[in-house]
Structures are given as structure tokens and as C-alpha cells.
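Visitor: For the sequence shown, the working numbering gives the first residue as 2, with consecutive numbering after it.
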Amino acid sequence: MTAGLDQLRTLLDGRMTGIGSLLDMTVETLEPGRVVFALRTRPDFGNPLGTLHGGICSTLLDSAMGCAVHASLPEGAGYTTLELKVNFVRPVRLDGVRLRCEGTTIHLGGRTATTEGRVTDEEGRLVAHGTSTCMVFRPA
């Protein structure tokens, strides 16, 4: 088990913090290189057109993909997102639709990591997908 994964395990104990707490995200899976988060849509997540604001899916993707990298890191290492690319596939209703986001690490190098993620609805339909590049900070 990695130190990064140990840090993330506190999320499984129901202690989601920051943006995860704000959006009521839950954790389904935490493994080295793979993280699954979920949330339910609600009316205050809406855009002016009455569907889910793209920032919610983007945040879900950034969180899952970044944490997939974090779950692979050794003691004292950290990361930050350098680049985030999101493709939106279909609109999402605001009436409690459960969204599931799986983030996986594609490459973990000395200074950068690349990831991919997929957001699906409760019927398994693809809602959005993305990729990310992260900068890795290794201990001195």
C-alpha cells in the first residue's frame, strides 16, 4: 500500500473534505492508480438551461483522476493538476441522478503523471470523459 493511498483511506471513513464535502461526493473504490467517486445531482448544480453545469462533471473528473495519481505516490510526494481536458457527451438531469466517475492512472513518471476518467449515469451511459496531466512533487 502507498502512503498516498493511506491518506485517501480516511475518505472511506466518511471524512470527505473540501470540494468533495461541498458536492456530497462518496468514495466507492480506492486502489493504487484507480479511484471511483460518486455523487447525486441536485437543483443547485444546474446551469441556466436547467441541466447539470459542466463544472460539476469537470470537478468530479479532476478529483477522481487526481486522486488516482495520489493513491500511487510514496510518502512525502504530492501532485497538482497541470492540464484538464473534458468532453461532455450528454446532458444530465438535476433530480438526483447518481453519477459515478472512475479515474485511472495511465502513466506515473518522475515528474509528471497522465490520467483518464469516465463519468457514467445510473444506467451506465457515458456522460463525460476526460484526461489530465499532473505534476508530481517527489520528496527531496
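A virtual CB, placed ideally from N, CA and C, is assigned to each residue, including glycine.
Source: prediction; values computed, not measured.
1. For H71, which three-state DSSP category applies?
2. Compute the Euclidean distance between the alpha carbons of H54 and P44, then round it to the nearest angstrom.
3. Please state whether DSSP places T60 in a helix, a strand or coil.
4. Would you say R139 and T121 are within 9 angstroms of each other, going by their C-beta atoms?
5. Select from G125, A141, E123 and E117 the residue whose C-alpha is nearest the C-alpha of R69.
6. Should the stretch 27-39 be regarded as contacting the stretch 71-81, the criterion being three or more beta carbon pairs within less than 8 angstroms?
7. When the Cα atoms are used, what is the spatial distance from M66 to P49?
8. Verify whether the separation of the beta carbon atoms of L85 and S59 is less than 9 angstroms.
9. Please report the straight-line C-alpha distance between G56 and A141, rounded to a whole angstrom.
10. Once the 5 residues before and after P92 are set aside, which same chain residues still bring their CB inside 6 angstroms of it?
11. Sorted by chain position, which residues of the same chain lie with C-beta nearer than 7 angstroms to F46's C-beta, five sequence neighbours on each side aside?
12. Could you tell me which residues DSSP pairs with S133 in its beta bridges?
13. Can you tell me which of the three DSSP states A39 falls into?
Guide: With the given structure in hand:
1. helix
2. 10 angstroms
3. helix
4. no
5. Just to set this straight, residue 69 is Ala in the shown sequence, not Arg. Comparing Cα positions, the closest option is E117.
6. yes
7. 27 angstroms
8. yes
9. 35 angstroms
10. T52
11. L53, H54, I57 and L95
12. L85 and T116
13. strand
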